[in-house]
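Below is one structure, written out as structure tokens; comments come after it.
There are 2 protein chains.
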Amino acid sequence: MDNVNLKQLAKELNLAVSTVSRALRDSHEISPETKERVKALAAKLGFQPNPHASSLRQSKSKTIAVVIPEIENNFFSQVMNGVEVIAQQKGYHVLIYLTHEDNNREKDILNVLRNGRVDGLLISVSNKTMEFDHLLAYQDAGIPVVSFDRVLDNIDTPKVTTDDTEAAFKATEHLIAKGAKRITFISMGLNLSISSRRKAGYEKAMHKHHLHASTLECGTDDNENRAMIRSLLQSKDRPDAIFAAVEKFALITYEVCHSLHLDIPGHVKVIGFSNLSAAALFNPPMSTVVQPAFEIGKEATAILFRIIEKKTLLSAEKVITIPSVIVERKST
Amino acid sequence: MDNVNLKQLAKELNLAVSTVSRALRDSHEISPETKERVKALAAKLGFQPNPHASSLRQSKSKTIAVVIPEIENNFFSQVMNGVEVIAQQKGYHVLIYLTHEDNNREKDILNVLRNGRVDGLLISVSNKTMEFDHLLAYQDAGIPVVSFDRVLDNIDTPKVTTDDTEAAFKATEHLIAKGAKRITFISMGLNLSISSRRKAGYEKAMHKHHLHASTLECGTDDNENRAMIRSLLQSKDRPDAIFAAVEKFALITYEVCHSLHLDIPGHVKVIGFSNLSAAALFNPPMSTVVQPAFEIGKEATAILFRIIEKKTLLSAEKVITIPSVIVERKST
DNA sequence: CTGTTAGCGCATTCAC
DNA sequence: GTGAATGCGCTAACAG
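The listed protein sequences correspond, in order, to chains A and B.
Using the numbering used here, the letters of the first sequence map in sequence onto residues 2 to 333.
Using the numbering used here, the letters of the second sequence map in sequence onto residues 2 to 333.
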């Protein structure tokens, strides 16, 4: 029941607490024999140092936090996977927080984490986040922060994203190459930098090909989104292609097309940002813009550790862009 | 840069540290005026108590850990969602650990967590976990553990699962009702309790209907699994239905059927345990056994907190079973 | 109602 | 090479 601590080890071995502490941390000023004895007993009793005590003493927690909007989403789960790989290598622990796209919740979370609980923070902001006082507070507190994917433009943290503009440009050109003329871009929350970047890429491609750009703004409520997409696809001048800025909208588009008996890609071509590998099994297999989620997670975490370990950051490491890949399937 | 602490607040207010501490924790023995003054300054300076200090002092961390095999899986992400909802209500923090189906990694994780870092543990064991010394150590240490989904039969923790046997039984009967006769069950790692329970349900249904049960054992390597399923579906006495014990095998079955131009459900009917809502968009829409993942996460966490808060557990709370739902679509 | 004191377990400084 | 003493920031027991 009782946890073993240094004091008990010291008593049992007839040594001072400090000696035991040093022996376990392989200090060079402890004799090999003593180290042996100490480590043997520690192993035998299954000693684990109390993390709160050593965190308090050393002012470091060996813990990082990941703050994301949701986890039920392949992109973010893959990111988590990448985070975990690096954190585990470094012997760090990972706290996870979900904002559920709630800006106040995001602020509360960051507030509570601001006093030593974590040595660093990875964040992808909620789609309602526009100001960033809560992030600036971290700079004041000297706690490293790395943003990824959904980053805020005007804040000075290292950022790891994909090439949203280029990927959206290419995806749009892909649709155009397949013969689409009336392409609607379905976007979410334009205050989000990724939304505006993706939209910019889409518009650039449309302009280049002298086509009229047209955006449908969707929100957080799936029923409303469904209704909006449905009415879009029922309208007289129905688009002949949909480019969904986020996975969810691509899925709803599929659903609506099925229910309206619209043929994909015959009546409507569909492509969307999505990390769902099962998209290959859709009817028809869905073309997707796949973000390098796992790599984004790994890279963001690697950079975070570089700051935590006080290594200086090359300016090239301040903004990392990893390209997305367009996976062409039958829906286009 | 420097974090505010109680001492600074006390000095600024001409109060004792303990008074400030009590005021912030709304102790009844502090005058309303003092409370006001203290809270005002704390808010102004953005004071957050150092969690390591208070954890050390109180021997509680306000943190729970979730240990799961993987996160890139709708079932586990939905569970995480449920966990987070309850933890957040309780003001608790959530550490996440992935075992990647590695039993040694699982042991290491549990070992490190065993000294105060967490107040409780939620675990779904790896598919290679057979013994449970690492879990028994928690009972000795007095740290509450709740198992969910993938539970070990012979260990005495509260368990939250779905009705694997019944759900598998019903899914099998569903296939039989649709005319299937040669149903192959694709299973993973029989040492896993859920595998054997699902298999038992399948076999029970087959026996009841005087059909010959036949199981294909798949493993962790997806390429091998694909090859095995492919050769199964190419064999002379090809099954006319597949019941996949886990989502991944159902997806591979779809993939193989498509590549072999086998019609679903004409040539082969397919059903599988899966929490993928996009299964409705498959070609054809896939029938699934959907586990109540979110509820499992919520329920397991609620029970964990009941133990943490020392409330006694009714024996009915020791083993919770939440039913799965069979969602019938076009693949059967 | 408020202050003084002690101690959680550990890492570290300073002695020897 | 080892031991004794100190303090990280907080809470709680005890005093007044």
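Ideal Cβ positions, reconstructed from N, Cα and C, are used throughout, including at glycine.
All of these numbers come straight from a predicted model, not from anything done at the bench.
Report the three-state DSSP secondary structure of MET81 of chain B (helix, strand or coil). Reduced to three states, the DSSP call for MET81 of chain B is helix.
Identify whether HIS175 of chain B lies in helix, strand or coil by the three-state DSSP scheme. HIS175 of chain B carries a helical assignment under DSSP once its states are collapsed to helix, strand and coil.
With DSSP collapsed to three states, give me the class of MET2 of chain B. Unreliable placement is indicated for MET2 of chain B, whose pLDDT of 40 sits below 50; the coordinate value is still reported in the next sentence. Residue state for MET2 of chain B is assigned as coil, using DSSP reduced to three classes.
Beta-carbon proximity of ASP109 of chain B to ARG183 of chain B, cut-off 9 angstroms: Going by C-beta atoms, ASP109 of chain B is not nearer than 9 angstroms to ARG183 of chain B.
Would GLU73 of chain A count as contacting chain B if we go by Cβ distances under 9 angstroms? True, the Cβ-Cβ gap to chain B drops below 9 angstroms.
Alpha carbon of SER197 of chain B to alpha carbon of HIS211 of chain B, nearest angstrom: The alpha-carbon atoms of SER197 of chain B and HIS211 of chain B are separated by roughly 20 angstroms.
Answer with yes or no whether the minimum CB distance from PHE250 of chain B to chain A is below 9 angstroms. Not closer than 9 angstroms to any Cβ of chain A, the Cβ of PHE250 of chain B fails to qualify, so no.
In whole angstroms, give me the CA-to-CA distance for PRO285 of chain B and PHE186 of chain B. Looking at the backbone, the Cα of PRO285 of chain B and that of PHE186 of chain B are separated by about 20 angstroms.
Once DSSP output is grouped into helix, strand and coil, what is the label at MET207 of chain B? Collapsing the DSSP output to three states places MET207 of chain B in a helix.
In whole angstroms, what separates the C-alpha of TYR98 of chain A from that of PHE48 of chain B? Spanning the two alpha carbons is a distance of roughly 21 angstroms.
Cβ neighbours of GLU102 of chain B in the same chain (closer than 8 angstroms, five flanking residues each side left out): PRO70, GLU71, SER127, ASN128, LYS129, THR221, listed in sequence order.
Anticipated Cβ contact below 8 angstroms, THR122 of chain B with ILE65 of chain B, distance rounded: Note that residue 122 of chain B is Leu in the sequence shown, not Thr. With a beta-carbon spacing of about 7 angstroms, LEU122 of chain B and ILE65 of chain B fall inside the 8 angstroms limit used to define contacts.
Is PRO33 of chain A buried or exposed, if buried means 16 or more other CB atoms sit within 10 Å of its CB? The residue is exposed, with fewer than 16 neighbouring Cβ atoms inside 10 Å.
The beta strand (DSSP E) enclosing LYS129 of chain A, as first and last residue numbers: Counted as a single uninterrupted DSSP element, the stretch harbouring LYS129 of chain A is not any beta strand (DSSP E), since DSSP gives it neither H nor E.
Between the alpha carbons of SER60 of chain A and MET287 of chain B, how many angstroms are there, rounded? Taking the straight line joining both Cα atoms gives about 52 angstroms.
Within 9 angstroms (strictly less), CB to CB, does SER62 of chain B reach chain A? For SER62 of chain B, the answer is yes, since a Cβ of chain A falls inside 9 angstroms of its Cβ.
THR289 of chain A: first and last residue of the uninterrupted beta strand (DSSP E) it sits in: From DSSP, the beta strand (DSSP E) with THR289 of chain A extends over 288–291.
Evaluate THR313 of chain B with the Cβ neighbour count: other Cβ atoms within 10 Å of its Cβ, from every protein chain shown; 16 or more gives buried, anything less gives exposed. Counting the other Cβ atoms within 10 Å of the Cβ of THR313 of chain B gives fewer than 16, which makes it exposed.
PRO266 of chain B CB to nearest chain A CB: under 9 angstroms? Proximity of PRO266 of chain B to chain A, defined by a Cβ-Cβ separation below 9 angstroms, is not satisfied.
Just to confirm, is the Cβ distance from ASN276 of chain A to ALA303 of chain A under 9 angstroms? Contact: no.
Can you check the region 99–185 of chain B for any beta strand (DSSP E) of at least 3 residues that lies completely inside it and give the ranges in chain order? List check, beta strand (DSSP E) in window: 121–124, 146–149, 160–163.
Counting only runs of 3+ residues fully inside the region 256–328 of chain B, write out the beta strand (DSSP E) ranges in chain order. Within the region 256–328 of chain B, the complete beta strand (DSSP E) runs of at least 3 residues are 270–274, 288–291, 320–323, 326–328.
Tell me the rounded alpha-carbon separation between VAL5 of chain B and SER316 of chain B. Using only the alpha carbons, I get a separation of about 46 angstroms.
Counted within 10 angstroms of its Cβ, other Cβ atoms place VAL84 of chain A as buried (16 or more) or exposed: Its Cβ being crowded by 16 or more others within 10 Å, VAL84 of chain A is buried.
Using 8 angstroms for Cβ pairs, my map puts ALA169 of chain A next to GLY202 of chain A. What's the rounded Cβ distance? Distance from ALA169 of chain A to GLY202 of chain A at the Cβ level is roughly 3 angstroms; contact confirmed, criterion being Cβ atoms closer than 8 angstroms.
Nearest residue (CA-CA) to GLY273 of chain B, options B:ILE297, B:ILE243, B:THR100: The option with the nearest alpha carbon to GLY273 of chain B is B:ILE243.
Can you list, in chain order, the residues of its chain with a C-beta nearer than 6 angstroms to that of VAL320 of chain A? Leave out the 5 residues immediately preceding and following it. Within the same chain, and ignoring the five residues on either side of VAL320 of chain A in sequence, the residues whose Cβ sits closer than 6 angstroms to its Cβ are LYS160.
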